[in-house]
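See structure below.
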Ligand SMILES: [Zn+2]
């Protein structure tokens with residue numbers, strides 16, 4: 152059986168049919184979605200640890216036909232656990248690390264195991280109950296954005312080093328893809344899940360981008376510390392040297408980028424213009440761009456290794472990537488996160504297309520861009536230019552916070568993803584916004600807005616959907632809006 156045939160018969164549940172059929176020419180023929188199409192639901196850990204799960208699964212089945220659960224089973228972030236932030240928070244693996252998969256690492260069982268909720272094996276508890284409701288469980292692993300101080304001591308050697316030579320412990324840095332110990336840990340983790348539990352698959356989430364983009368402040372998290380950008384650890388330096396890159400010149404390029412943004416943030420406009428200054432920086436330090444590519448390609452190599460490990464253990468497991476929403480706002484990250492390349496090492500992709508909360512996130516990106524490469528333009532013009540570059544038709548600057556992005560954005564981004572992977576047997580399961588938290592003054596989801604977004608995803612060619620981003624955040628009526636769309640489409644009955 153070749154890989155394409157295999158995928159066709161191995162989708163979650165009882166062998167789902169594809170909702171869009173890919174033609175030999177790579178086009179998409181929309182086909183009415185069928186029952187058993189992927190309808191995924193991410194969820195934080197807390198309710199899974201001690202609550203009666205039958206009513207919970209019954210509710211998601213009844214409201215929206217959920218047939219796959221994506222618990223945040225590995226994370227060091229309190230909100231993924233479903234608990235308030237606290238200096239005593241630990242996090243980690245909410246299943247149970249089987250130590251034979253983590254040999255020769257500086258990490259102990261206690262370093263990896265989440266002690267919250269009495270340290271119970273949440274995965275072992277959830278899987279059999281979910282199965283009774285026709286729900287398969289997928290492990291959702293979140294690459295760490297922040298290391299809690301409580302666990303930092305043993306983890307920090309696996310983390311990136313910024314361009315000033317300081318070890319990072321989180322955003323905008325993270326664990327280093329070229330660090331052999333982090334590679335060994337990550338490979339051990341996916342093998343552990345694949346061998347130890349009866350799961351449907353694994354989704355890996357990496358909400359990160361490369362060092363130069365962070366140094367330039369080009370992120371949906373505007374205002375990031377541009378002095379903490381990465382990675383210049385011993386492993387990356389060696390890999391860079393082996394590729395013929397002058398490491399010190401690359402590092403000085405990052406220094407220069409940091410000074411560029413600091414001056415802009417202080418209101419000192421470059422004499423020759425922001426864009427000219429940015430381009431001059433690249434002319435002067437092409438090594439910085441080579442370093443950027445080193446990070447991007449190292450990440451792809453890391454992803455390929457994870458995918459190969461899971462498939463070597465059990466080819467029937469589905470393995471895929473959550474794609475950070477920053478890609479929706481940044482043409483720079485869009486260039487680096489090429490769907491055609493992502494598709495080489497996965498069975499599915501879940502682009503985060505949270506249209507409601509996207510308004511605020513987009514404006515944040517515009518703010519960062521205007522302190523950097525786009526500084527020559529007023530923010531409303533920057534937004535207009537980005538819409539053109541990204542192919543959106545959305546609300547103007549002064550309305551975006553209240554309106555968010557439309558269902559049309561969901562459709563366009565889904566179609567771009569589907570077309571991007573068109574010659575590969577990869578399914579697109581967009582993450583659709585159901586009450587992703589917003590700040591005061593921002594628009595809110597409604598049953599109708601959710602219904603439109605879900606329908607737009609399938610109109611764009613999606614083969615499934617992941618209702619997002621966390622069941623416990625969703626208003627029941629809005630989740631029912633997703634269910635209404637899925638019923639109209641024939642996905643659930
Ligand atoms: Zn590194």
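Residue numbers (the working numbering): 152 to 644.
Even glycine gets a Cβ: it sits at the ideal position worked out from N, Cα and C.
It should be emphasised that the depicted structure is a prediction, and the values quoted were computed from it without experimental measurement.
- Counting along the chain, residue 354 sits inside the beta strand (DSSP E) bounded by residues 352 to 356.
- If you check the CB distance, residue 301 and residue 231 do not come in under 7 Å.
- Taking 8 Å as the upper bound for CB-CB distance, residue 377 and residue 409 are in contact here, some 5 Å apart.
- Segment contact: the segment 190 to 201 against the segment 273 to 290, three or more CB-CB distances shorter than 8 Å; contact assigned.
- For residue 639, the shortest C-beta to heavy atom distance toward ligand 1 is 6 Å or greater.
- Boundaries for residue 222: no alpha helix (DSSP H) harbours it, while the beta strand (DSSP E) harbouring it runs 219 to 226, taken from the DSSP string.
- In the same chain as residue 357, and ignoring 5 residues on each side of it, the C-beta atoms closer than 6 Å to its own belong to 294, in chain order.
- Per DSSP, the continuous beta strand (DSSP E) segment holding residue 503 begins and ends at 499 to 504.
- Residue pairing of residue 442 in beta bridges, as defined by DSSP: absent, with no partner found.
- In this structure, residue 399 has its beta carbon at no less than 6 Å from each heavy atom of ligand 1.
- Taking a contact as a CB-CB distance under 8 Å, the pair residue 633 and residue 215 counts as one, their CB atoms being some 5 Å apart.
- Contact annotation: residue 364 and residue 520 have beta-carbon atoms that are not nearer than 7 Å.
- In terms of Cα proximity to residue 247, the closest of 307, 284 and 344 is 344.
- Residue 269 sits exposed, since fewer than 16 C-beta atoms from the chains shown fall within 10 Å of its C-beta.
- Every beta strand (DSSP E) of 3 residues or more that sits fully in the segment 207 to 294 is shown, in chain order, as 219 to 226 and 287 to 293.
- Three or more beta-carbon pairs separated by less than 8 Å are not found between the segment 328 to 347 and the segment 481 to 488, which leaves the two stretches without contact.
- Distances from the CB of residue 329 to the heavy atoms of ligand 1 include at least one below 6 Å.
- Per DSSP, the beta-bridge partners of residue 310 are 326.
- Straight-line spacing of the CA atoms in residue 392 and residue 455 works out to 22 Å.
- Taking the Cα of residue 285 as reference, the smallest distance to any Cα among 259, 333 and 213 is reached at 213.
- Here residue 304 is exposed, its C-beta having fewer than 16 other C-beta atoms within 10 Å.
- For residue 494, the CB contacts under 6 Å within the same chain, skipping 5 residues up- and downstream, are 572, 575 and 577 in chain order.
- Counting along the chain, the unbroken beta strand (DSSP E) around residue 472 starts and ends at 469 to 474.
- For residue 578, DSSP records a beta bridge to 499.
- Collapsing the DSSP output to three states places residue 572 in coil.
- Remark: three or more beta-carbon pairs, one from each stretch, lie closer than 8 Å, so the segment 579 to 588 and the segment 607 to 614 are flagged as touching.
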